Every structure is written in C-alpha cells, then in structure tokens.
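I have placed the structure first, in the form of structure tokens, so that the comments after it can refer back to it.
Numbering (my numbering), first residue to last: 482 to 1012.
Okay, here's the thing in structure tokens:
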C-alpha cells in the first residue's frame, strides 16, 4: 500500500503515512479499483521528489509543525471560552441559589458540604442585654471627663468633634473584640487626624486566626495548621457623611479606597441616630461579615473575570450588570428599628476605668438577610457602633476606649506611690502572642516616664490572661507578655533591667468574669506594682 500524497510505501492496515502524515483510511478502505490504482501514484510523485532533492523532507515537516501549532491555538482558545462559560454559569447558579435563601443550596452550587443539622451545632452567641442606663450609672464622672483635654480639628472651630460621652477627638482609640471559638481577637481603630471636612482613622488587626473554608467540609479544612493574617488600612470619613450617610462600611482592607463617599466607618451617622430616637426607625445599609460578605467579594471577582473574556457589547453589558449584582451581595439594605425606648448601660473600659455608656439598641430586618443587632452610643456628635452581630455570625463588641491623656502618667505614679497595683490595659498584644503592637507606645511612654522620675523604684510586671485555652498555655503566655514589656522598656527607654522583675498568673487571678466579652477584656491585662 502506498500513500496517494507522497507515494511512500505504507504498512498494510496503517491509517496514516509515517512520512507526510496523510490519512490512508480512504484508500485502505476503498474499492479494489482504488487499491489497484495506488501503485501508479509513485511514478509521477517519486519523479518530482527525485528532481527536488532536499525539498522532499522540509515541506511535509513544516506542514506538520504548522498543523500542530494551529491545533494548540484552537485548544487554548477553546479552553478560555470554556472557562468563561463555566464562570458565567457559576455566577448564574449562585444568584439563583441565593434567591432561595438556602445556604445549603449555595454550598452545593459552590461544590462544598452542606451544613449538618441538629441543635448542638446552632450558634451559642446570643446578643447581650444590658440593664437600663441612668446618669448615676458606673463611672459617670469618668464618662463626663473623658476626652476633655483632646484637641479640636484644625480650622474647624471648637464645635467640631462635639461633646457628650466619648467625644470625637484626635487620638481617640477604640478597641473592638471579635468573639471566635479560639478566643477574642482584637482590632484597633485610632483617629489620626481631623480637618474641617474629614476625619482620618487607622485600622489594624494583627495575627488574626483565619476562618475555615465555610464550604470546605472536614476533608478540606482538617489537617491544616491554622494560618494567621494581618490587616492594616486607613479610612477617610467625610464630615458630611458623619452627619447624613446611611451606610456603615466597617470591613477594612489595604486595597480599599481611602475615601468611600456616602458611608461611615467608626459608627453610624447623626441622622441615623436621631431618626432612631425621634421616629423609632430609619433606613440603613451595613456590610455583611463572615460567609456572605466573603461570598460577595468572591463572586464579584468571578464576574470581573468573565467580563474580560470578550464577546459582544450585549455580553459585556450583561457582565457589568452581574458584577454590580455580585457587589451588592456583601451589603444589606434594611429597616433599622429601636428596641425599647430607654438607653442601655453598655459596659466598657474608658481610659482603663470600668464605666457604663448610654447606648441605643437597634435591630435591622430585611427580606433577604438575617436580622442584625446593634448597640449605638447615644451621642449625636459621635454615635459609635459599640456592638453588632449579624444573624449567628461572630459578635463584635467595643471593650476599651482610650484618649491621649496627659494625666494618665500622674495617676499611675500616685497609685504606685501608695504601693497599689496598677492595671494596665493600654499595652496591646497580637492574638495569642507576646508580640507588642505599635499602638502600645503611649502607655509605654507613661510607664517609662514614671520610672525615670523615680530612679530608685523597682517595679514588678505581671501578665494576666482570660481563661480561653489551656492553663499551661495561658501561664506561659502571661509570663512571656510580662517579659516582652520589660524588654520594650529596657531596649526602647534604657530603663535598667535590674529595676524590673516579671511574672505571670495566666488565668488564675481574674479581674472579672470570663463569661462575657467585656469581662474577658478586663482579665487580659498587665499589672504594675512596686517591690
């Protein structure tokens, strides 16, 4: 049998010519006449080949190479088109699943495990209820004086920042605890600057435990060492938005824009608080945390990818609409209603003193999201979000508020002169770590100032923890944190090492209950005493 294209001899039953790659099937499977005619082909073809010399090998090889290249190009293009098709299909499927409000269906669409039923797995994080607030509530004098020495905005006039409990001032630091199974990690918001038209704040959350994949199931999440992540960001909030915005953007990312017009970031607006108090309800938009918040961001990315796959103008328009729809998944528009008509007494540490702040409790309801609960500081000049929880997700609660206080060092000195123990809450550590965070510098400055004023003093530094985690771990952690404070004072302020001793008590000497977030925050502390 011979190839009809190049005339080369081929084995009986072969489907392709080994020399030029031509298909032999037609000839091999043809009629007897076709087989008889096959030997005649080499005469003219071989003659041409003989006359051409070297040309006989290059031409077929080049054709094979071009054919392979074209085939690969087709495969790549087809793959890209297929990925785009699959991504768009996935977006459509998830949108459809979300409309059912069935999170198990969403999990199935995304290829994960359904949540298992049973009361034992339901959330055990009820939103707290506090007693009614009154002017004689705990720490009333401290609340009235807090922030009174803070500065006002440049060129803004003495009214910018307002008054009332916890006024908005440069240097205001808000510590928020986030309750998770492994413990309460803390984020820090600090007002860095105030001008006539805006407030700039810094946000940080360091060494935060990464949440398991919500759709992963045991085989995807099990066996992996829990990783840690850190977030640092800046946010500029416009003064106009502090007065009138309806959206609360409390999720932070280094990739987010500095200014997000139409939203607040440290609390709600004055308009939202005033309507809650005067009308009992208001319109409000908040950013979801946890599963749906992350889902919205993920699907937005999928939409952006499919948008870049090309296609007609109509396809691109559809992708743009899908992307906007995905972005909306991370937000909820709701009707926020006040719960009760009296302020609640919200417990918090204010400049290291236990106080109760007047707080408005409110609940958000919407058609497509679980209810959300909030406590808001009853101060229209600074309506801080003091606590919030969306459905059964993690609760976020402010546990400490501090100002740049020139009297703090003097108060510490007076207590130590009386040989009293001084509870220090202004030294911040990474979650489950002895690493001191940079926001601790003002408190370290105060301690160093007192020690330099009394060079004959020897101070003991003791670490304390809450009861989350094993006793051995907490004992070691408390000792390491005390040692870290000593090292910071010796290395950074040249305090003689012989003037500092350290120890640790773990969770064995609590200052408050470990059953509440505010209680655990009081138990995580450093104590100073004179020896």
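Just so it is clear, CB atoms sit at the ideal spot from N, CA and C, and this is done for glycine as well.
All values derive from a computational prediction rather than experimental measurement.
Looking at residue 607: is its Cβ nearer than 8 angstroms to the Cβ of residue 838? No; because the gap between Cβ atoms is not below 8 angstroms, this pair is not in contact.
Mapping the DSSP letters down to three states, classify residue 910 as helix, strand or coil. strand
For residue 654, I'd like the list of residues in its chain whose CB is within less than 6 angstroms of its CB, leaving aside the five on either flank, ordered along the chain. 671 and 883
CA-CA distance, residue 644 and residue 966? Residue 644 and residue 966 have their C-alpha atoms spaced approximately 35 angstroms apart.
Within 10 angstroms of its Cβ, does residue 812 collect 16 or more other Cβ (buried), or is it exposed? buried
In angstroms, rounded to a whole number, what distance separates the CA positions of residue 892 and residue 901? 11 angstroms
CA-to-CA distance, residue 674 to residue 735, given in whole angstroms: 18 angstroms
Three-state secondary structure assigned by DSSP to residue 980: Helix.
Quick one: residues in its chain with C-beta nearer than 6 angstroms to the C-beta of residue 855, no 5 flanking neighbours on either side, listed in chain order? 843 and 869
Would you give the residue range spanned by the beta strand (DSSP E) that residue 856 belongs to? 853–858
What is the DSSP secondary structure of residue 839, counted as helix, strand or coil? strand
If you count every other CB in all the chains shown that lies within 10 Å of the CB of residue 496, and 16 or more means buried, which is it? exposed
Collapsed DSSP secondary structure at residue 931 in the structure displayed: helix
Please report how far the alpha carbon of residue 910 lies from the alpha carbon of residue 986, in whole angstroms. 17 angstroms
Rounded separation between residue 846 and residue 981 - CA only: If you take the alpha carbons of residue 846 and residue 981, they lie about 54 angstroms apart.
Are the beta-carbon atoms belonging to residue 660 and residue 998 less than 8 angstroms from one another? It is a contact, given that the beta carbons lie within the stated cut-off.
In the DSSP assignment, the alpha helix (DSSP H) including residue 720 goes from what residue to what residue? 720–725
C-alpha gap between residue 970 and residue 977, whole angstroms: Near 9 angstroms, if we compare the C-alpha coordinates of residue 977 and residue 970.
Closest residue to residue 850 among 859, 824, 816 and 913 (Cα-Cα distance): 816
How far does the alpha helix (DSSP H) with residue 897 in it reach, from first residue to last? Counting along the chain, the alpha helix (DSSP H) containing residue 897 begins and ends at 889–898.
Just reading off the alpha helix (DSSP H) that residue 954 is part of, what are its end residues? 952–974
Hey, out of 898, 922, 729 and 899, whose CA is closest to residue 906's CA? Scanning 898, 922, 729 and 899 for the CA closest to the CA of residue 906 turns up 922.
So the beta strand (DSSP E) residue 1008 belongs to, where does it begin and stop? In the DSSP assignment, residue 1008 falls within the beta strand (DSSP E) that extends over 1006–1011.
Please state if the CB of residue 984 and the CB of residue 925 are separated by a distance shorter than 8 angstroms. no
Proximity below 8 angstroms, CB of residue 739 to CB of residue 717: Taking a C-beta distance under 8 angstroms as the contact criterion, residue 739 and residue 717 qualify as a contact pair.
What are the boundary residues of the beta strand (DSSP E) that includes residue 829? 825–831
Applying the 10 Å Cβ sphere with the 16-neighbour rule, what's the burial state of residue 504? exposed
Note down, in chain order, each residue of its chain lying with its Cβ closer than 7 angstroms to the Cβ of residue 993, except the 5 sequence neighbours on either side. 1000, 1003 and 1004
Please work out which residues of its chain come closer than 6 angstroms, Cβ to Cβ, to residue 582, disregarding the five sequence neighbours upstream and downstream, and give them in chain order. Confidence at residue 582 is low in this model, with a pLDDT of 48, below 50, so its placement is unreliable and the value that follows should be read with caution. Hits under 6 angstroms: none found.
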